[in-house]
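Chemist:
Here it is in structure tokens:
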């Protein structure tokens, strides 16, 4: 048998229980009530939708027109099965359809991104 690092296992176990004891109580109650992390599910749905929108429109809509539905997901309106099925559907739609139809470039313009980053840093540093 290959050697096994029991110390690493103990650390993982300790870190898990430390996280469990110190996590947000309201979030923990939601997870206990519905059997899964509903806040994580809400963010998963939001990010999947934002990614699809970016591929379709070329822009990111931070203000969510579906905010009330997202909040209802966080409050447990979807079952875990519904979340998984939706995520699988969206993943397939993005990978097999939207990705090939988007007007977005396949690669980022790294020089443009670097120039923007430097300009923002210059603005931030000159204001201090």
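Numbering (the numbering used here), first residue to last: 334 to 461.
Idealized CB from N, CA, C, for every residue including glycine.
This one's a predicted model, so the numbers in the text were calculated from it and none came from an experiment.
1) Using the three-state DSSP reduction, which class does residue 393 fall into: helix, strand or coil?
2) Could you name the residues of the same chain whose beta carbon sits closer than 8 Å to that of residue 386, not counting the 5 residues immediately before and after it, in chain order?
3) When you compare the CB positions of residue 435 and residue 388, do they come within less than 8 Å of one another, or not?
4) With three or more beta-carbon pairs closer than 8 Å as the criterion, would you say the segment 424-441 touches the segment 396-411?
5) Check whether the Cβ of residue 337 sits closer than 7 Å to any heavy atom of the ligand MN, and report yes or no.
6) Helix, strand or coil, according to DSSP, for residue 480 in the structure here?
7) Following the continuous alpha helix (DSSP H) through residue 414, name the residue where it begins and the one where it ends.
8) Which residues mark the beginning and the end of the alpha helix (DSSP H) in which residue 445 is found?
9) Throw me the rounded Cβ distance for the residue 379 and residue 397 pair, which I believe falls under 8 Å.
10) For residue 374, count neighbouring C-beta atoms within 10 Å of its own C-beta (all shown protein chains included) and say buried if the count is 16 or more, exposed if not.
11) Go through its chain and collect everything with a Cβ distance to residue 420's Cβ below 7 Å, but skip five positions before and after it.
12) Given this structure, state the Cα-to-Cα distance separating residue 401 from residue 458, to the nearest angstrom.
13) Measuring only the C-alpha atoms, how far is residue 369 from residue 456?
Modeler: The structure says:
1) As a working mapping, residue 393 is identified with position 60 in the chain shown. Coil, per DSSP.
2) Residue mapping note: residue 386 aligns to position 53 of the chain shown, counting from 1. Once the five neighbours on either side are set aside, the close Cβ partners of residue 386 are 392, 393 and 394.
3) On the chain shown, residue 435 is found 102 positions in, with the first residue counted as 1. On the chain shown, residue 388 is found 55 positions in, with the first residue counted as 1. The answer is yes: Cβ separation under 8 Å.
4) no
5) The model on display carries no ligand, and the ligand MN is accordingly not part of it.
6) Residue 480 lies beyond the range of the chain shown here (334 to 461); nothing can be said about it.
7) Locating residue 414 in the chain shown gives position 81, where the first residue counts as 1. It spans 413-426 - the alpha helix (DSSP H) in which residue 414 sits, taken as one unbroken run.
8) Taking the first residue of the chain shown as position 1, residue 445 is located at position 112. Counting along the chain, the alpha helix (DSSP H) containing residue 445 begins and ends at 443-459.
9) Along the chain shown, read from residue 1 onward, the residue named residue 379 stands at position 46. Along the chain shown, read from residue 1 onward, the residue named residue 397 stands at position 64. The Cβ separation is near 7 Å, so the contact holds.
10) Within the chain shown, the letter at position 41 stands for residue 374. Per the 10 Å Cβ criterion, buried.
11) Stepping through the chain shown from its first residue, residue 420 is reached at position 87. If we look at residue 420 and ignore the five residues flanking it on each side, its Cβ neighbours are 377 and 381.
12) Translated into positions along the chain shown, residue 401 becomes position 68. Translated into positions along the chain shown, residue 458 becomes position 125. About 39 Å.
13) Looking up residue 369 in the chain shown gives position 36. Looking up residue 456 in the chain shown gives position 123. Spanning the two alpha carbons is a distance of roughly 43 Å.
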